[in-house]
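*Asks:* Protein sequences, first through last, are from chains Y and Z.
The UniProt record's numbering numbers the first residue of the first sequence as 1 and each following residue consecutively.
The UniProt record's numbering numbers the first residue of the second sequence as 1 and each following residue consecutively.
2 protein chains.
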Amino acid sequence: MADTMREVTLDDLDALEVGAAILGTGGGGNPYIGKLRVREELRKGRKIPVIPLDELPDNALVVSLGGIGAPVVGVEKIEEGEECLRALRAVEQEVGRKVDALISAEIGGANAMEPMLTAAQAGLPIVDGDGMGRAFPEMQMITWSIYGQRSAPAAMADEKGNVVVFRETQSDKWLEDLARATVVAMGAAAGLAQAPMRGEFVKRAAIPNTVTQARNLGRAVLDANREHRDPVQAVIDHEGGRLLMTAKISDLQRHLKGGFAVGHLSLDGYGNFQGDTGRINLQNEFLIFVRNDTVEVCVPDLIVVLDADTGHPITTEMLRYGQRIAVLGLPCHGLLRTPEALAVVGPAAFGYPDVTFVPMQSRGGIR
Amino acid sequence: MADTMREVTLDDLDALEVGAAILGTGGGGNPYIGKLRVREELRKGRKIPVIPLDELPDNALVVSLGGIGAPVVGVEKIEEGEECLRALRAVEQEVGRKVDALISAEIGGANAMEPMLTAAQAGLPIVDGDGMGRAFPEMQMITWSIYGQRSAPAAMADEKGNVVVFRETQSDKWLEDLARATVVAMGAAAGLAQAPMRGEFVKRAAIPNTVTQARNLGRAVLDANREHRDPVQAVIDHEGGRLLMTAKISDLQRHLKGGFAVGHLSLDGYGNFQGDTGRINLQNEFLIFVRNDTVEVCVPDLIVVLDADTGHPITTEMLRYGQRIAVLGLPCHGLLRTPEALAVVGPAAFGYPDVTFVPMQSRGGIR
């Protein structure tokens, strides 16, 4: 990829914010607060080196970081700022050694910024990649887990000083259940460090180059805004995606359930899509796009909702009745389309056993 | 106390079961399964030494053990048998040394047996005492916490192999909240090891001699049964308690809420109490006894419901409409009646801010 990042600089942050939010597919939490925190660290002179996947030493110890919680809460409940650092220290204590590099659990949304913040605080580099290539609502929906790395030992820390260690878990789904119950008790926002991994594994299992991808995607949108080109088209061109519908939100059902934002939105098409109706089901993230009662795009492919004018992403908690939006489908990375991945992040895993995943197109594959 | 226990023997188990269940004040879980497990260990030739509190070395490391969960579930969900042992090992890993002795978190109910089982498995002694002198529904309602010992690090293990460590908690109430959420996710039954303590502290904070007390209390009932004396009177005599009412259960409301069994039972007096009505409110344990709309006995004093004929205790999950019962009030130990204790285990802590605790009588005090 041209223009591969070697460090995170102040100039990257606005673009990273936009790109990460687009890849968040409606969820993943808003990266805005994280951006401000990372900016503050960079202005203090801290550095955030970025290691390309293929330069990661095989024997490096890498830990996956991210915030966990319900995004609706994240908007109001601001992290204290060192949650992930405390969780990282707890995992280091578990494995008995210092970590060499950090990687984002999910590039989509706020968790693009979390490892950058912790990297600046801890003096560590981040790896150019992540475990989802987008955002997903549950912890076991991550390539570390899909490709054989156990997430335990993992650790969760909240802003009040509570630190909980998941030392042994019977499966990564069990870790998700235990961590979800814990984060709800913590007030629905916490930092999580998980899956201490060897560099050799990370090279095989990470969705590659996604930090650079998010930055470049955001740049494409911001450049289009500045140059008065169509920002929606800029996203489509950058990601090889497709415009699914321009529409007005005609109904919106959204509630908190077990720490998740769940619900759906109904759409009335306009412009080239006049006469079409649409529906998007969500669980933190947009899961399924239905046109005129037929499923057209579904997880793990990315369903993205953009403001029709600015091309900026709209997260599930910012959806409003009457909004004019552009709905895009973006193809997911090949690592999310294997049979073992689809068992975990395909439509059946989200409670849609009758929906068959038909990939939007091919992009990348297992190395 | 005469006849102080020096080890737990096969002959003690039936009496321990009855005595522990009485001190469980309706909750604490049924000690029956634990008794069978301890019996099995003893029959294999394992020993369970009992250390009187005053012989505990000041520098001994003692860990508090108990099962956690909703008793209604405990009846059906049988532990795998090494939950507390795995939790103990996790706490040992946290503090970096082996434990010298175990102590029961609560003598009332199943948790009288848990440390005995783990002691047999691990080759450790138990201390003659506990942290409640009865049963209480929440973890912070324990003398370790009341008298200044933080419960973290604590560890919880379930029958599936999940092990969660509560490494740092902002308060013991936070530990309760986090552990309760975790145990609900685990399926509402788990083993918990908490509060690694020095012997010097245990001597000051433990309710003393309660293992012996439970055994002797149970013996008094079983002896009365065998000798055709009144077993209810045997309990009253042994514990210095009072018969509050003989009654028929005329109404029973009980449901699971956040991992707790909560509700109340209504009583119609008979015999000497003909014409009286009564009400007992419960949260796992019996909390408050009301006669004719006036609170007569409340936590931390013990409200005990016995089968009117056999004198055997009836736990909340075994209550049935129409049962004929004897309701007893037993005075709690002095360590539960101090201002700092009443702030945690008095009626206000259970959501009854308008109820004033009037002690049944004095028995013991802070040493």
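For each residue, glycine too, the CB sits at the ideal point set by N, CA and C.
If you're wondering where the values come from, they're calculated on a predicted model, not measured in any experiment.
(1) Using the C-alpha atoms, what's the distance from V202 (chain Y) back to G334 (chain Y)?
(2) Keeping to the same chain, check which residues put their C-beta closer than 7 Å to that of P137 (chain Z); ignore five residues upstream and five downstream.
(3) Compare the Cα-Cα distances from L36 (chain Y) to each of Y:V50, Y:E17 and Y:L23 and report the closest residue.
(4) Decide if the stretch 48-57 of chain Y is in contact with the stretch 124-143 of chain Y; the criterion is three or more beta carbon pairs, one per stretch, under 8 Å apart.
(5) Taking all protein chains shown into account, do 16 or more other C-beta atoms lie within 10 angstroms of the C-beta of T316 (chain Y), making it buried, or fewer, making it exposed?
(6) For a contact defined as C-beta to C-beta under 9 Å, what are the partners of V164 (chain Z) on chain Y?
(7) Determine which residues of the UniProt domain "S-Me-THD N-terminal" (11-167) of chain Y have a Cβ less than 7 Å from any Cβ of chain Z, and write them out in chain order.
(8) Report the residues of the stretch 228-262 of chain Y with a CB closer than 9 Å to any CB of chain Z, ordered along the chain.
(9) Determine, using beta carbons only, whether Q323 (chain Y) and K248 (chain Y) come nearer to each other than 8 Å.
(10) If you measure beta-carbon to beta-carbon, which residues of the stretch 305-336 of chain Y are closer than 7 Å to chain Z?
(11) Kindly indicate which three-state DSSP category A157 (chain Y) falls into: helix, strand or coil?
(12) Name the residue from Z:Q170, Z:V164, Z:R226 and Z:R180 whose alpha carbon lies nearest to the alpha carbon of L175 (chain Y).
(13) If you draw a straight line from the alpha carbon of A122 (chain Z) to that of E41 (chain Z), how long is it in whole angstroms?
(14) Roughly how many whole angstroms lie between the Cα atoms of L336 (chain Z) and R43 (chain Z)?
(15) Residue range of the alpha helix (DSSP H) that I107 (chain Y) falls in?
(16) What first and last residue would you give for the alpha helix (DSSP H) that runs through V184 (chain Y)?
(17) In angstroms with no decimal places, state the Cα-to-Cα distance between N162 (chain Y) and E168 (chain Z).
(18) Can you check the stretch 266-292 of chain Z for any beta strand (DSSP E) of at least 3 residues that lies completely inside it and give the ranges in chain order?
(19) Got a sec? Which residues, its chain only, sit under 6 Å from A60 (chain Y) by beta carbon, not counting five neighbours each side?
(20) Which residue spans inside the stretch 214-260 of chain Z form an unbroken alpha helix (DSSP H) run of at least 4?
(21) At what residue ranges does the stretch 285-362 of chain Y contain a whole run of the beta strand (DSSP E), taking only runs of 3 or more?
(22) In the stretch 187-207 of chain Z, which residues sit with their C-beta less than 9 Å from some C-beta in chain Y, listed in chain order?
(23) Can L23 (chain Y) and R39 (chain Y) be called in contact, C-beta distance under 8 Å?
(24) Report the neighbours of A185 (chain Y) on chain Z: residues whose CB is nearer than 7 Å to its CB, in chain order.
(25) Could you give the first and the last residue of the continuous beta strand (DSSP E) run that contains L65 (chain Z)?
(26) Where does F201 (chain Z) fall in DSSP's three states?
(27) Is L102 (chain Y) near the ligand PLP - that is, is its Cβ less than 7 Å away from at least one heavy atom of it?
(28) List the whole-angstrom C-beta distance separating E106 (chain Z) from D130 (chain Z), where the pair is believed to meet the contact cut-off of C-beta under 8 Å.
(29) According to DSSP, simplified to helix, strand and coil, what is A101 (chain Y)?
(30) Return the chain-ordered list of same chain residues with a C-beta closer than 7 Å to the C-beta of L85 (chain Z), the five sequence neighbours on each side being excluded.
(31) Go ahead and pull the three-state DSSP assignment for A152 (chain Y).
(32) To the nearest angstrom, report how far apart G351 (chain Y) and S64 (chain Z) are at their CA atoms.
(33) Got a sec? Which residues, its chain only, sit under 7 Å from G34 (chain Z) by beta carbon, not counting five neighbours each side?
(34) If I'm right that A206 (chain Z) touches T143 (chain Z) with Cβ under 8 Å, what's the distance once you round it to whole angstroms?
*Replies:* The structure says:
(1) 16 Å
(2) Counting only residues of its own chain and dropping the five nearest sequence neighbours on each side, P137 (chain Z) has a CB closer than 7 Å to the CB of G27, F260, Q283, N284 and E285.
(3) Nearest of Y:V50, Y:E17 and Y:L23 to L36 (chain Y), Cα basis: Y:E17.
(4) The stretch 48-57 of chain Y, when compared against the stretch 124-143 of chain Y, does touch it at the 8 Å Cβ threshold.
(5) Buried, because 16 or more other Cβ atoms sit within 10 Å of the Cβ of T316 (chain Y).
(6) V164, V165, F166, R167, E168, T169, L178 and T182
(7) A90, K160, G161, N162, V163, V164, V165, F166 and R167
(8) none
(9) yes
(10) Look at the stretch 305-336 of chain Y: it has no residue with a C-beta under 7 Å from a C-beta of chain Z.
(11) strand
(12) Z:V164
(13) Each residue's alpha carbon lies about 11 Å from the other.
(14) Their backbone Cα atoms lie some 37 Å apart in a straight line.
(15) Counting along the chain, I107 (chain Y) falls outside any alpha helix (DSSP H), and DSSP gives it neither H nor E.
(16) Per DSSP, the continuous alpha helix (DSSP H) segment holding V184 (chain Y) begins and ends at D172 to A185.
(17) 5 Å
(18) Listed in chain order, the complete beta strand (DSSP E) runs (minimum 3 residues) inside the stretch 266-292 of chain Z are 277-283 and 285-291.
(19) D100, A101 and G199
(20) 231-239
(21) Within the stretch 285-362 of chain Y, the complete beta strand (DSSP E) runs of at least 3 residues are 285-291, 294-298, 302-307 and 324-330.
(22) none
(23) no
(24) Residues of chain Z whose Cβ lies closer than 7 Å to the Cβ of A185 (chain Y) are, in chain order, D177, L178 and A181.
(25) Its beta strand (DSSP E) spans residues L61 to G69.
(26) helix
(27) Looking for the ligand PLP in the displayed structure turns up nothing, as the structure carries no ligands at all.
(28) Between D130 (chain Z) and E106 (chain Z) the Cβ distance is about 6 Å, and since that is below 8 Å, they are a contact.
(29) strand
(30) Leaving aside the five residues that flank L85 (chain Z) on each side, the residues in its chain whose CB is nearer than 7 Å to its CB run, in chain order, T118, Q121 and A122.
(31) coil
(32) A direct Cα-Cα distance of roughly 42 Å separates G351 (chain Y) from S64 (chain Z).
(33) Once the five neighbours on either side are set aside, the close Cβ partners of G34 (chain Z) are A110, M113, E114 and L117.
(34) 7 Å
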